[in-house]
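What follows is a short report on a single structure.
Protein chains: 2
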Amino acid sequence: MAKLQNDSPRRQQILLKAAELFRTHGYANTGMRLIAEHLGVEAASLYNHIPGKSFLLKEICAQMGQAFEMQMQEVLATPTTGLQKTEALLRFHIQIMLTRFDEWYISNWQWQHLVDDYKQEFLQIRRGYEKNFTGIIEAGMSDGSMAPIHPQVAVLTLLSAIRGLEFWQRNPHGLDAGTMEEEMIKMLLKALTP
Amino acid sequence: MAKLQNDSPRRQQILLKAAELFRTHGYANTGMRLIAEHLGVEAASLYNHIPGKSFLLKEICAQMGQAFEMQMQEVLATPTTGLQKTEALLRFHIQIMLTRFDEWYISNWQWQHLVDDYKQEFLQIRRGYEKNFTGIIEAGMSDGSMAPIHPQVAVLTLLSAIRGLEFWQRNPHGLDAGTMEEEMIKMLLKALTP
DNA sequence: CAACAAAACTAACGACTGTTAGTTTTGTCA
DNA sequence: TGACAAAACTAACAGTCGTTAGTTTTGTTG
């Protein structure tokens, strides 16, 4: 029986292709045979590298969760105002969206298909992230860099707005990435500043 | 053979239950047998009322599209500033979200599973809606009720922010609907006003 | 009650799903 | 070159899917 090493390059290759197909076809509509076909291989061969389909989704979500958690810790450790921290996070979100779109999309929209036990863990991680973000907004109101707003509503609005970039990513009618990023940041920060 | 009337109450009942299940389980993961079970009936019996599974999705999306299109026409016909029109549309979006959550969710997130020919029509309708919305923003800048912003970015940001209410809808930690609506409207309009 | 249609039922079809067992090819070292 | 493991293969499993054909029940109308 194969060993299923935790970090082979082949495994990562499969994960990336799976992310791409999960995004374009949806998790439930993407069969192992389709993933295999796009890698020029038979479906059964995939099981030499991964334990199963659900692992693919779980791993993609976990990797994304880790990336965001690391950035959050870095931002929290930097001595800046709440508004500056917020801008840093927003810019990071946008960058991830541009450079790792498929994985970002999966962890945002396909996590619902996670198997129940890991789904709970994933949601807990995400709630933790949002809690940290809410804390940053509250800090911004205390240090005077932000107007008094409802912190939870603010986080929800900010994250949702960024999520919407997906539509632009799929169909950028004439707007280049730089303009898009600057215009959206400008608009969102305007909603926050006193 | 059954006649498949266009507007029987039973058909509408099936549509609503399907919308609920499509939302909670996803379109691809919701089988005809599951829908039937939730209606206390066998799967085959559904075919006395509807032509097939894909019809359910198509009909839900079409009904939502119609609702938004009607509201857009009404707003356009009212002689108000661009900012007031925008507020009216935002409030309508929120109201639909609160009163017809399942259907709203489907037409927002599950339209990707539409069969190809109707998918094109659906996307065209949506692009038309967004184009109208963009025009309203531009009008707002002309009539002085709004700050100079990138109209397409503004529409994307506004619609995405509202879409995010889904997360609150699913898990409203202590915020009542009224507060949520007012706080979000306040925040979004602040981003728009001069 | 007889007649008729609406709407339920049972049973099955072919296609597709994730996964497994067992076998063969491929590539890398001694 | 011979040995060994990694990674591909073929073939098949049990289960689910949307859908259809044909039959029976239910409910209303004359």
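Which chain is which? The protein sequence lines are V and B, in order. Note that my numbering gives residue 196 to position 183 of the first sequence, counting from 1, and the numbers run on in steps of one. Note that my numbering gives residue 141 to position 128 of the second sequence, counting from 1, and the numbers run on in steps of one. Heads up, the beta-carbon is just placed ideally off N, CA and C, and yes, glycines get one too. This structure is a prediction, so every number in the text was calculated from the model and none was measured.
For the pair the region 112 to 129 of chain V and the region 33 to 40 of chain V, tell me if three or more CB-CB distances fall below 8 Å.
Result yes; three or more Cβ-Cβ pairs closer than 8 Å.
Interface residues of chain V facing B/Gln125 [CB-CB closer than 8 Å]
Here residue 125 of chain B refers to the residue found at position 112 of the second sequence. Scanning chain V for C-beta atoms nearer than 8 Å to the C-beta of B/Gln125 yields Gly39, reported in chain order.
Just to make sure I have the definition right: I need the residues of chain V whose C-beta is within less than 7 Å of the C-beta of B/Ala174. Which are they?
Against the second sequence, residue 174 of chain B aligns to sequence position 161. Simply Thr170, Ser173 and Ala174.
Where do the ends of the alpha helix (DSSP H) carrying V/Asp189 lie?
Locating residue 189 of chain V in the first sequence gives position 176, counting from the first residue. V/Asp189: not part of any alpha helix (DSSP H); DSSP gives it neither H nor E.
Using a Cβ cut-off of 8 Å (strictly closer), state whether V/Leu201 contacts chain B.
Position 188 of the first sequence holds residue 201 of chain V. For V/Leu201, a Cβ of chain B is located within less than 8 Å of the residue's own Cβ.
Indicate whether at least one CB of chain V lies closer than 8 Å to the CB of B/Ser21.
For the purposes of this step, residue 21 of chain B is taken as residue 8 along the second sequence, with counting starting at 1. Taking Cβ atoms only, chain V never reaches closer than 8 Å to B/Ser21, which makes this a no.
Between which two residues does the alpha helix (DSSP H) carrying B/Thr112 extend?
Here the question's residue 112 of chain B lines up with position 99 in the second sequence. DSSP places B/Thr112 in the uninterrupted alpha helix (DSSP H) bounded by Gly95 to Thr112.
Closer than 7 Å by beta-carbon distance: list the chain B residues that pair up with V/Val166, in chain order.
Within the first sequence, numbered from 1, the residue matching residue 166 of chain V stands at position 153. Going along chain B in sequence order, the residues near V/Val166 (Cβ under 7 Å) are Met193, Glu196, Met197 and Met200.
May I have the straight-line CA-CA distance separating B/Ile32 from B/Ile138, to the nearest angstrom?
Position 19 of the second sequence, counting from 1, holds the residue named residue 32 of chain B. Position 125 of the second sequence, counting from 1, holds the residue named residue 138 of chain B. The sequence shown places Ala at residue 32 of chain B, rather than the Ile named in the question. Rounded to whole angstroms, B/Ala32 to B/Ile138 spans 20 Å at the Cα level.
In whole angstroms, what separates the C-alpha of B/Ser120 from that of V/Glu87?
Within the second sequence, the letter at position 107 stands for residue 120 of chain B. Within the first sequence, the letter at position 74 stands for residue 87 of chain V. Using only the alpha carbons, I get a separation of about 38 Å.
Ignore the nearest five residues each way along the sequence and tell me which others in B/Phe135's own chain have a CB closer than 7 Å to its CB.
As a working note, residue 135 of chain B is residue 122 in the second sequence. Counting only Cβ-Cβ distances below 7 Å, and skipping sequence neighbours, we find Cys74, Gly78, Trp124 and Leu127.
Give the DSSP-derived three-state secondary structure of V/Ile138 in the structure shown.
Translated into the one-based positions of the first sequence, residue 138 of chain V becomes position 125. In the structure shown, V/Ile138 falls within a helical segment according to DSSP collapsed to helix, strand and coil.
Quick one: using the 10 Å Cβ neighbour count with 16 as the cut-off for buried, is V/Lys199 buried or exposed?
For the purposes of this step, residue 199 of chain V is taken as residue 186 along the first sequence, with counting starting at 1. Exposed, because fewer than 16 other Cβ atoms sit within 10 Å of the Cβ of V/Lys199.
Quick check: V/Ile27 and V/Leu47, are their CB atoms within less than 8 Å of each other?
Here residue 27 of chain V refers to the residue found at position 14 when the first sequence is read from its first residue. Here residue 47 of chain V refers to the residue found at position 34 when the first sequence is read from its first residue. The beta carbons of V/Ile27 and V/Leu47 sit no closer together than 8 Å.
Candidates B/Glu196, B/Met45 and B/Asp115: closest to V/Ala160 by CA position
As a position in the first sequence, residue 160 of chain V is number 147, starting the count at 1. Of the candidates B/Glu196, B/Met45 and B/Asp115, the one whose C-alpha sits nearest the C-alpha of V/Ala160 is B/Glu196.
Taking the alpha carbon of V/Leu202 as the point to measure from, which residue in V/Trp181, V/Gln97, V/Leu111 and V/Asn184 has its own alpha carbon closest?
As a working mapping, residue 202 of chain V is identified with position 189 in the first sequence. Put simply, of V/Trp181, V/Gln97, V/Leu111 and V/Asn184 the residue whose alpha carbon is nearest the alpha carbon of V/Leu202 is V/Gln97.
Is it a yes or a no for the region 183 to 190 of chain V touching the region 170 to 184 of chain B, going by three-plus beta-carbon pairs under 8 Å?
Contact fails: fewer than three Cβ-Cβ distances are below 8 Å.
Partner residues on chain B for V/Gly141, Cβ-Cβ distance less than 9 Å:
On the first sequence, residue 141 of chain V is found 128 positions in, with the first residue counted as 1. Under a criterion of Cβ atoms nearer than 9 Å, no residue of chain B is adjacent to V/Gly141; the nearest Cβ is some 14 Å distant.
Helix, strand or coil at B/Ala15 [DSSP, three-state]
Walking along the second sequence from the start, residue 15 of chain B turns up at place 2. Caution applies to B/Ala15, whose pLDDT of 44 falls short of 50 and renders its modelled position unreliable; the value that the coordinates give is listed next. B/Ala15: coil per DSSP, three-state reduction.
Would you call B/Ala57 buried or exposed, if buried means 16 or more other Cβ atoms sit within 10 Å of its Cβ?
Numbered from its first residue, the second sequence carries residue 57 of chain B at position 44. Looking at its Cβ environment, which holds fewer than 16 other Cβ atoms inside 10 Å, B/Ala57 is exposed.
Can you check whether the CB of V/Gly153 is closer than 8 Å to the CB of V/Thr99?
Taking the first sequence and counting its residues from 1, one reaches residue 99 of chain V at position 86. Taking the first sequence and counting its residues from 1, one reaches residue 153 of chain V at position 140. For the 8 Å CB-CB criterion, V/Thr99 and V/Gly153 form a contact.
If we ignore side chains and look at the alpha-carbon of each, how far apart do B/Lys71 and V/His62 end up?
Locating residue 71 of chain B in the second sequence gives position 58, counting from the first residue. Locating residue 62 of chain V in the first sequence gives position 49, counting from the first residue. Their backbone Cα atoms lie some 39 Å apart in a straight line.
With a cut-off of 8 Å on the beta carbons, I'd call B/Gly177 and V/Leu172 a contact; round off their distance for me.
Here residue 177 of chain B refers to the residue found at position 164 of the second sequence. Here residue 172 of chain V refers to the residue found at position 159 of the first sequence. The Cβ separation is near 7 Å, so the contact holds.
B/Phe180 at chain V interface by Cβ criterion, 8 Å:
Taking the first residue of the second sequence as 1, we reach residue 180 of chain B at position 167. Put simply, the CB of B/Phe180 is near chain V, with a gap under 8 Å to one of its CB atoms.
Our contact map puts B/Ala80 next to B/Ile107 with C-beta atoms below 8 Å; I'd like the distance itself, whole angstroms only.
Taking the second sequence and counting its residues from 1, the one referred to as residue 80 of chain B is at position 67. Taking the second sequence and counting its residues from 1, the one referred to as residue 107 of chain B is at position 94. 14 Å between Cβ atoms; not a contact.
Under 8 Å between C-beta atoms, does B/His51 make it to chain V?
Locating residue 51 of chain B in the second sequence gives position 38, counting from the first residue. No, no contact with chain V.
Would you say V/Asn42 lies against chain B (beta-carbon separation less than 8 Å)?
Position 29 of the first sequence holds residue 42 of chain V. True, the Cβ-Cβ gap to chain B drops below 8 Å.
Using the Cα positions of V/Ala8 and V/Gln25, report the straight-line distance between them to the nearest angstrom.
Shown here, chain V extends from 14 to 207; a query on residue 8 of chain V therefore has no answer.
Suppose only complete runs of 4+ residues qualify. What are the alpha helix (DSSP H) ranges in the region 24 to 65 of chain V, listed by chain order?
The DSSP assignment places 45 to 51 and 56 to 59 as complete runs of the alpha helix (DSSP H) inside the region 24 to 65 of chain V, in order along the chain (cut-off: 4 residues).
For V/Met159, which of helix, strand or coil comes out of DSSP?
As a first step, residue 159 of chain V must be located in the first sequence, where it is residue number 146. Collapsing the DSSP output to three states places V/Met159 in coil.
Counting only beta-carbon separations shorter than 8 Å, does V/His106 have a partner in chain B?
The residue you call residue 106 of chain V lines up with position 93 of the first sequence. Under the 8 Å criterion on CB atoms, V/His106 is classed as non-interfacial with respect to chain B.
Rounded C-alpha distance that separates V/Leu89 from B/Arg113:
For the purposes of this step, residue 89 of chain V is taken as residue 76 along the first sequence, with counting starting at 1. For the purposes of this step, residue 113 of chain B is taken as residue 100 along the second sequence, with counting starting at 1. The alpha-carbon atoms of V/Leu89 and B/Arg113 are separated by roughly 39 Å.
If I'm right that V/Gly95 touches V/Ser158 with Cβ under 8 Å, what's the distance once you round it to whole angstroms?
Within the first sequence, the letter at position 82 stands for residue 95 of chain V. Within the first sequence, the letter at position 145 stands for residue 158 of chain V. V/Gly95 to V/Ser158, Cβ: 5 Å. Contact.
Starting from V/Ser21, trace the alpha helix (DSSP H) in both directions and tell me its first and last residue.
Residue 21 of chain V sits at position 8 when you count from the first residue of the first sequence. Counting along the chain, no alpha helix (DSSP H) covers V/Ser21, and no H or E run does either.
In terms of residue numbering, what span does the alpha helix (DSSP H) encompassing V/Pro164 cover?
One-based indexing of the first sequence puts residue 164 of chain V at position 151. From DSSP, the alpha helix (DSSP H) with V/Pro164 extends over Pro164 to Arg176.
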